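Chemist:
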Amino acid sequence: MHILVCGGAGYIGSHMAKMLVGLGHSVTVFDNLSTGHRQLVKWGRLVEGDLLRPADLKALFDRERFDGVMHFSARSLVGESIRDPDLYFQNNVTGTENLLRAMREAGLQRFVFSSSAAVYGNPAKGLIDEAHPTKPINPYGETKLRVEEILQSRAAEHGLNSVSLRYFNAAGADPQGETGELHNPETHLIPNVLRAAKGECALQVFGNDYSTPDGTCIRDYIHVNDLCRAHLLALEYMEKKPGAHVFNLGIGKGFSILEIIRAAEKVVGKSIPFTYAPRRPGDPPVLVADSTLARKTLGWQPEYLDQEEIIRTAWSWMAKDRFKL
Ligand SMILES: NC(=O)c1ccc[n+]([C@@H]2O[C@H](COP(=O)([O-])OP(=O)(O)OC[C@H]3O[C@@H](n4cnc5c(N)ncnc54)[C@H](O)[C@@H]3O)[C@@H](O)[C@H]2O)c1
Numbered sequence: 100m101h102i103l104v105c106g107g108a109g110y111i112g113s114h115m116a117k118m119l120v121g122l123g124h125s126v127t128v129f130d131n132l133s134t135g136h137r138q139l140v141k142w143g144r145l146v147e148g149d150l151l152r153p154a155d156l157k158a159l160f161d162r163e164r165f166d167g168v169m170h171f172s173a174r175s176l177v178g179e180s181i182r183d184p185d186l187y188f189q190n191n192v193t194g195t196e197n198l199l200r201a202m203r204e205a206g207l208q209r210f211v212f213s214s215s216a217a218v219y220g221n222p223a224k225g226l227i228d229e230a231h232p233t234k235p236i237n238p239y240g241e242t243k244l245r246v247e248e249i250l251q252s253r254a255a256e257h258g259l260n261s262v263s264l265r266y267f268n269a270a271g272a273d274p275q276g277e278t279g280e281l282h283n284p285e286t287h288l289i290p291n292v293l294r295a296a297k298g299e300c301a302l303q304v305f306g307n308d309y310s311t312p313d314g315t316c317i318r319d320y321i322h323v324n325d326l327c328r329a330h331l332l333a334l335e336y337m338e339k340k341p342g343a344h345v346f347n348l349g350i351g352k353g354f355s356i357l358e359i360i361r362a363a364e365k366v367v368g369k370s371i372p373f374t375y376a377p378r379r380p381g382d383p384p385v386l387v388a389d390s391t392l393a394r395k396t397l398g399w400q401p402e403y404l405d406q407e408e409i410i411r412t413a414w415s416w417m418a419k420d421r422f423k424l
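Heads up: the sequence shown begins at 100 in the working numbering, then just goes up one per residue.
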């Protein structure tokens with residue numbers, strides 16, 4: 100297959116490109132390099148372009164024929180989305196609409212979308228399944244939900260087949276250390292814990308008075324390659340089941356911030372300093388996925404269940420001088 104990986108110069112998209120090429124598929128990465136990195140496009144060809152410029156998309160689809168599109172491109176900083184919601188709606192929603200239009204004109208109907216647990220907002224319970232009400236509490240989450248709604252309409256109006264995958268906390272890196280997480284600024288826990296271990300930053304833990312056993316937030320960390328495997332299954336699934344589908348992706352077990360720090364200390368072999376800071380607005384105490392639907396329907400099974408193993412893959416990537424790749 101020839102797969103278009105939009106946002107393939109970023110963290111998750113670069114792992115997807117590697118997996119696809121490893122399985123013998125061909126990959127074209129479409130990316131404006133706004134948060135991605137040219138150096139991470141090692142698998143497949145990079146086409147530099149912007150979803151907000153329809154002419155870039157038309158030129159791409161006029162030139163190439165694809166068998167499916169995986170759409171990882173988005174702005175995804177919650178704080179930035181609160182400061183500048185228009186920027187988020189434009190990039191994440193209008194950008195996706197442009198991509199869907201270009202796909203329709205090219206007669207292409209298979210689309211996998213990177214959605215997020217952010218669509219659930221402040222969940223009413225710890226273990227969340229897809230039937231849980233969607234009430235995003237920030238513009239980032241609103242843009243993800245809006246795209247899911249558009250995909251539902253496009254299925255009915257134009258026969259577009261899609262799978263929206265609601266990721267919980269993506270974590271870890273390519274076990275061979277060839278790609279990994281490279282956000283700037285980095286807001287994710289595991290890379291920040293490991294940066295603190297390297298003395299690159301001061302680690303802050305936001306809130307130690309939550310209603311959890313150790314008072315810190317609990318999250319479901321899922322290895323990036325387990326996410327990518329679900330994308331492959333999603334492409335297959337659409338062949339059998341047309342329409343717009345939604346699945347949660349998480350391992351179904353939560354870990355507190357302190358548990359992650361302790362696991363990271365075992366991996367790096369030393370203690371990692373941190374300080375407590377006040378809670379951040381909009382951080383629910385517990386966010387854990389019920390991914391039964393993905394397991395039963397897609398036949399998906401996460402392979403990385405041990406946090407130390409996930410952190411070890413991130414560490415082998417972080418140990419490199421990543422910004423000088
Ligand atoms: N990382 C996580 O924990 C997580 C969790 C839930 C959902 N997601 C979603 O998964 C996707 C990938 O996340 P990531 O962590 O790899 O992000 P990332 O920032 O590393 O990658 C996003 C890529 O999209 C590109 N891009 C953004 N806007 C574009 C545009 N207008 N035109 C062309 N390219 C554009 C960026 O340059 C970048 O390469 C995002 O949609 C994100 O919202 C991520």
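Yeah, the Cβ is synthetic: ideal placement off N, Cα and C, and Gly gets one too.
Quick caveat: nothing in here was measured; it's all calculated off a predicted structure.
#1: Would you call the segment 230–248 and the segment 184–200 touching, i.e. three or more CB-CB distances under 8 angstroms?
#2: Sort Asp161, Arg328, Gly167, Asn283 by Cα distance to Glu179 and report the nearest one.
#3: Give the DSSP-derived three-state secondary structure of Glu204 in the structure shown.
#4: Flag this pair as touching only if the segment 162–176 and the segment 204–224 have three or more C-beta atom pairs under 8 angstroms; answer yes or no.
#5: Does Lys423 pass the burial test, meaning 16 or more other C-beta atoms within 10 Å, or should it be called exposed?
#6: Counting C-beta neighbours from all protein chains within 10 Å, is the total for Pro290 16 or more, i.e. buried, or is it exposed?
#7: Suppose you measure from the CA of Cys327 to the CA of Pro383; what does that come to, to the nearest Å?
#8: DSSP on Glu299, reduced to helix/strand/coil?
#9: Starting from the Cα of Ala329, find the closest Cα among Gly106, Ala201, His114, Cys105 and give me that residue.
#10: Does the segment 300–317 come within contact of the segment 364–383, defined as at least 3 CB pairs closer than 8 angstroms?
#11: On a Cα-Cα basis, can you pick out the residue from Ala301, Lys352, Leu357, Ala230 that is closest to Cys316?
#12: In chain order, what residues of the same chain lie with their CB nearer than 8 angstroms to the CB of Ala413, ignoring the 5 residues before and after it?
#13: What's the call for Phe318, buried or exposed, on a 16-neighbour Cβ count within 10 Å?
#14: Taking only heavy atoms of ligand 1 into account, decide whether any of them is closer than 6 angstroms to the Cβ of Asn268.
#15: Please list, in chain order, all residues of the same chain as Ala362 whose beta carbon is under 6 angstroms from its beta carbon, the five residues on each side excluded.
#16: Among the residues of its own chain, which have a CB less than 6 angstroms from the CB of Leu139, if the five just before and after it don't count?
#17: Going by the CB atoms, is the gap between Val128 and Leu145 shorter than 7 angstroms?
#18: State the beta-bridge partners of Phe171 as determined by DSSP.
Modeler: Considering the structure as presented:
#1: Cβ pair count under 8 angstroms is three or more, so yes.
#2: Translated into positions along the sequence shown, residue 179 becomes position 80. The option with the nearest alpha carbon to Glu179 is Asn283.
#3: Looking up residue 204 in the sequence shown gives position 105. For Glu204, the three-state secondary structure derived from DSSP is helix.
#4: Three or more Cβ pairs closer than 8 angstroms define a contact, and the segment 162–176 meets that threshold against the segment 204–224.
#5: By one-based count along the sequence shown, residue 423 stands at place 324. In this prediction, Lys423 scores a pLDDT of 49, lower than 50, which makes its location untrustworthy; no coordinate-derived value is stated.
#6: Counted from its first residue, the sequence shown places residue 290 at position 191. Buried, because 16 or more other Cβ atoms sit within 10 Å of the Cβ of Pro290.
#7: The sequence position of residue 327 within the sequence shown is 228, counting from 1. The sequence position of residue 383 within the sequence shown is 284, counting from 1. Whole-angstrom Cα-Cα distance: 26 angstroms.
#8: Here the question's residue 299 lines up with position 200 in the sequence shown. Looking at Glu299 - three-state DSSP - the assignment turns out to be coil, as it is neither helix nor strand.
#9: Here residue 329 corresponds to residue number 230 of the sequence shown, with the count starting at 1. Of Gly106, Ala201, His114, Cys105, the residue nearest in Cα terms is His114.
#10: With the cut-off at 8 angstroms, the segment 300–317 and the segment 364–383 touch.
#11: Translated into the one-based positions of the sequence shown, residue 316 becomes position 217. The shortest CA-to-CA distance from Cys316 to any of Ala301, Lys352, Leu357, Ala230 is the one to Leu357.
#12: Within the sequence shown, numbered from 1, the residue matching residue 413 stands at position 314. Sequence-distant partners of Ala413 (beyond 5 residues in either direction) whose C-beta falls short of 8 angstroms from its own C-beta, in its chain, are Ala270, Gly271, Ala272, Gly279, Glu280, Ile289, Pro290, Leu293.
#13: Looking up residue 318 in the sequence shown gives position 219. One point to set straight first is that residue 318 is Arg, not Phe, in the sequence displayed. Taking all protein chains in view, the Cβ of Arg318 is crowded by 16 or more other Cβ atoms within 10 Å, so the residue is classified as buried.
#14: If you number the sequence shown from 1, residue 268 lands on position 169. The answer is yes for Asn268.
#15: In the sequence shown, residue 362 corresponds to position 263, counting from 1. Cβ neighbours of Ala362 within its own chain (closer than 6 angstroms, five residues either side excluded): Gln406, Glu407, Ile410.
#16: Reading the sequence shown from its first residue, position 40 is the one you call residue 139. Around Leu139: Ala108, Ser113, Thr278.
#17: Translated into the one-based positions of the sequence shown, residue 145 becomes position 46. Translated into the one-based positions of the sequence shown, residue 128 becomes position 29. Cβ distance < 7 angstroms, so Leu145 and Val128 count as in contact.
#18: Indexing the sequence shown from 1 puts residue 171 at position 72. As DSSP reads the structure, Phe171 sits in no beta bridge.
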